[in-house]
Amino acid sequence: MDRERLERQFDFIKEIDKEKFIQRQTKLSDGIRRENDAEHAWHMAIMTVLLSEYANEKIDVLRTVTMLLIHDIVEIDAGDTYAYDEEGQKTQHERESRAADRIYSLLPEDQKKKLRDIWEEFEEGETAEAKFAHTMDNIQPAMLNAANGGVAWKERGISMSQIMKRNAHTAEGSQKLWDYSYENFFQKNIDAGNIRDDRKRD
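Add 5 to the 1-based position in the sequence shown for the working numbering, that's all there is to it.
This is the structure in C-alpha cells:
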C-alpha cells in the first residue's frame with residue numbers, strides 16, 4: 006500500500022467535508038432552512054441516476070454523477086455565487102479557478118488531473134454529460150423553490166426574464182426535462198404570483 010497516496014486521498018476527503026457548511030440561496034422543500042452544497046450535490050446525483058433516460062443524447066451516467074458531486078467543491082474557497090448575482094458572476098470563474106487549483110492539488114497527481122479535467126468539462130459545458138449536468142444544476146433548485154411555495158423567488162423579487170436568462174441553455178441537456186420544469190415549476194409559480202412575469206407580449 007502506498008501510504009502517502011492514501012494520506013493525500015484522505016486529506017482531500019476531509020477537506021470536502023467543508024462543503025456541508027456552504028449555504029446556498031435555495032431553501033429546502035419545507036422552506037424552513039437553506040440547502041447546503043453537499044445536499045445539492047447529492048440530490049443532483051440521485052436525479053441523474055433516475056432521469057438520465059430523458060437526456061437529449063446518451064450520457065455516461067457515472068461521469069455525469071461524478072461531475073455533479075465535485076463541481077461545487079470550489080465553493081469551499083470561492084463561496085456560493087447566487088444565480089442572479091450579476092456582480093458576483095463577474096469574478097466567479099477567477100475565484101473558482103483559484104479554488105480548484107488548491108483543492109484538487111490535495112489529491113495524488115493522477116486523481117487531481119482526472120477530477121480537475123471533469124470540473125473543467127462542466128465549466129465548458131460542451132459535452133453531452135456537461136450539458137445534462139447543467140440541466141440538473143438548474144432544475145434541482147427550481148424544483149425545491151416550487152415545492153416550498155416559491156419562497157426564494159418571492160423574497161428576492163425574481164422575474165421570469167431573469168429565470169429565462171439563467172436557463173438559456175437548460176434544454177440543451179434535456180428538452181423533456183426543461184419542458185416539464187417550465188410547466189410545473191415556473192408557470193405554476195407565475196400563476197400563483199410567486200414569480201413576476203415581466204416578459205413583453207405582442
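Just so it is clear, CB atoms sit at the ideal spot from N, CA and C, and this is done for glycine as well.
DSSP three-state call for residue i: helix, strand or coil?
| i | result |
| --- | --- |
| Ser164 | strand |
| Asp207 | Unreliable positioning characterises Asp207 in this predicted model, as indicated by a pLDDT of 47, which lies under 50. A coordinate reading is not provided. |
| Ile144 | helix |
| Lys63 | coil |
| Asn41 | strand |
For residue i, count neighbouring Cβ atoms within 10 angstroms of its own Cβ and tell me buried if that reaches 16, exposed if not.
| i | result |
| --- | --- |
| Arg29 | buried |
| Val156 | buried |
| His178 | One point to set straight first is that residue 178 is Gly, not His, in the sequence displayed. Classification for Gly178: buried. |
| Lys118 | exposed |
| Glu24 | buried |
| Met169 | exposed |
| Phe190 | buried |
| Glu188 | exposed |
| Ser186 | buried |
| Thr96 | exposed |
Would you kindly work out how many angstroms separate the C-alpha atoms of residue i and residue j, rounded to a whole number?
| i | j | result |
| --- | --- | --- |
| Glu63 | Glu134 | Sequence check: residue 63 is Lys here, not Glu. So the alpha carbons of these two residues sit roughly 9 Å apart. |
| Asp35 | Arg201 | 22 Å |
| His174 | Asp42 | 22 Å |
| Asp207 | Trp183 | Reliability of the predicted coordinates at Asp207 is poor, the pLDDT of 47 falling under 50, and no value is obtained from them. |
| Met141 | Thr53 | 7 Å |
| Ala60 | Ala152 | 23 Å |
Below 7 Å between beta carbons: does that hold for residue i and residue j?
| i | j | result |
| --- | --- | --- |
| Ile78 | Ile51 | no |
| Ala176 | Met72 | no |
> Three or more beta-carbon pairs under 8 Å between the region 142-152 and the region 40-49, yes or no?
Replying inline: yes
> Given 8 Å as the limit, is there contact between the region 157-165 and the region 98-114, that is, 3 or more CB pairs closer than that?
Replying inline: no
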